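Taking it in order: structure first as structure tokens, then the write-up.
Residue numbers (the UniProt record's numbering): 1 to 536.
If you want it as structure tokens, here you go:
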């Protein structure tokens, strides 16, 4: 059952924060969530180091088993606390890169991290989403307060960062808030660049990694798969990832917009300057499908670095002394240097030959330098057009506003997918009762059938008659169970509320003495105890 985020839930969360010493989540009323954005990479620092020595490990395992045995004795008390989905972690919004590096877990070590987390006393399922911009742990916790405290301690042990220092940067969400957070992450709403697509691929990789290692439980697995669905829907139904939101991407987008569509990818591109902005321009050109870029730079080393980074595009180097010769052969000229004086004046532009008529006969100068590398008077030349940073900022701001509008639309999609997931999880709540009720009914049927057959006598019945009696008894049981089982449905396909379904479930548990809640909790604890003893 998905725990509500009502006053009671808020009180429980406050207790968990106090117990674990974790900051109030960004999604609370005192700290509203604001969609941000960010390009993510998979290059992460490995911090899944070996633990303490063997004697210490043995002592720790013995302590864990003892704690779980005590937990088992107290099962009645813990029955009142349902298993909760939680996310606890930090991101580029809450922690500096130095801290994120220490907590990062390389992709090949995700299964190991999941195994360690699920070995904690109160953690039933777990998944790790670790990128350069975030490190988030998703769990199903048997006990909310104790589970969160164990995760914080695990993070502190793995990173070497004192728990008190970690708590200053951690965020935490529970149940529907945790699920919504993952759906927003998958949709790119929590990224530095709103709507960026790489994070969706990283969420998919968590699922693939779990499938390969068998490490994801049914709740976490379903939640991540639904998050992928939400991320796909948001991108396809809102086009939130369209539109440049950085100066370099806007420069490329603007240039391609000004070129005829049939010729934009065949246009000859020249980039002057191979610094950070120049590298990003080359990267965006490659992403748009351009196959060749000529780069003019003072030294060849930076151009070689760009060539090595971007394998799918031909990079041609020209020295500064060849700049005007290269410009004469270009249809689009991007400038990104730190020069204090203009590289292109009206006289320079007039001396350049006109470009092909197929491209409109106009050479484009896209200047993203401050101070400007291209004089404004170049636009006075008939076969030249100049666009500077101010022109690009208008494009960027317009796209940012558009993405924010699309982010609001995305929340509607996320709410729909969240409702589907919660309906599925709520439906899982009644499964143990359904199984126990059917098992109880089958036992009664078998017992009464056996009595009936003994009274009749084996010799008096043919095989056909015996089969008919068995089918009759089975049919009666099925007809009698049909109504109660229908009232245990809670999958969003009817008007029955969750509270009504749970009332029905508790009533059936009392009437038939099924005691499923205690049985389920005891089974979970028993599994934990046996697992710890085996490892010990």
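Ideal Cβ placement from N, Cα and C applies to all residues, glycine included. As the structure is a computational prediction, the values presented were derived from the model and not from experiment.
- Of the residues 402, 346 and 169, the one whose Cα lies closest to the Cα of residue 386 is 346.
- One thing to note: residue 336 has its Cβ within 8 angstroms of the Cβ of residue 277.
- Taking every protein chain shown into account, the CB of residue 299 has fewer than 16 other CB atoms within 10 angstroms, so this residue is exposed.
- Short of 6 angstroms from the beta carbon of residue 349, and not among the five residues preceding or following it, lie these beta carbons of its own chain, in chain order: 378, 381 and 384.
- Going by C-alpha positions, residue 188 is about 9 angstroms away from residue 240.
- For residue 171, the pairing in a beta bridge is given by DSSP as 89.
- Listed in chain order, the alpha helix (DSSP H) runs fully inside the UniProt domain "Glutamyl-tRNA reductase N-terminal" (88-238) are 97-103, 110-118, 144-159, 163-167, 176-186, 198-213 and 218-238, counting runs of at least 4 residues.
- Burial check for residue 396: the Cβ neighbour count within 10 Å reaches 16 or more, so the residue is buried.
- Scanning 90, 223 and 510 for the CA closest to the CA of residue 425 turns up 223.
- At a Cβ-Cβ threshold of 8 angstroms, residue 92 and residue 248 do not count as neighbours.
- Straight-line measurement puts the Cα of residue 208 at about 29 angstroms from the Cα of residue 160.
- Its chain contains 282, 283 and 286 as the residues whose beta carbon lies nearer than 8 angstroms to that of residue 310, once the 5 sequence neighbours on both sides are disregarded; these appear in chain order.
- The three-state secondary structure of residue 314, taken from DSSP, is strand.
- Apart from sequence neighbours up to five positions away, the residues of its chain that approach residue 313 with a beta-carbon distance below 8 angstroms are 282, 285, 286, 290, 291, 292 and 293, ordered along the chain.
- 8 angstroms or more divides the Cβ of residue 114 from the Cβ of residue 124.
- DSSP places residue 395 in the helix class (H, G or I) of the three-state scheme.
- Membership of residue 474 in the alpha helix (DSSP H) is indicated by the continuous run 463-486.
- C-alpha of residue 371 to C-alpha of residue 332: approximately 20 angstroms in a straight line.
- By the Cβ rule, the region 120-138 counts as touching the region 83-97, because three or more pairs are nearer than 8 angstroms.
- Contact between residue 216 and residue 127 is confirmed by a C-beta separation of about 6 angstroms, below the 8 angstroms threshold.
- Here DSSP, grouped into helix, strand and coil, assigns residue 272 to strand.
- Residue 359 and residue 329 have their alpha carbons spaced roughly 13 angstroms apart.
- Counting only runs of at least 3 residues, the region 346-392 fully encloses the following beta strand (DSSP E) elements, listed from N- to C-terminal order: 363-367 and 384-387.
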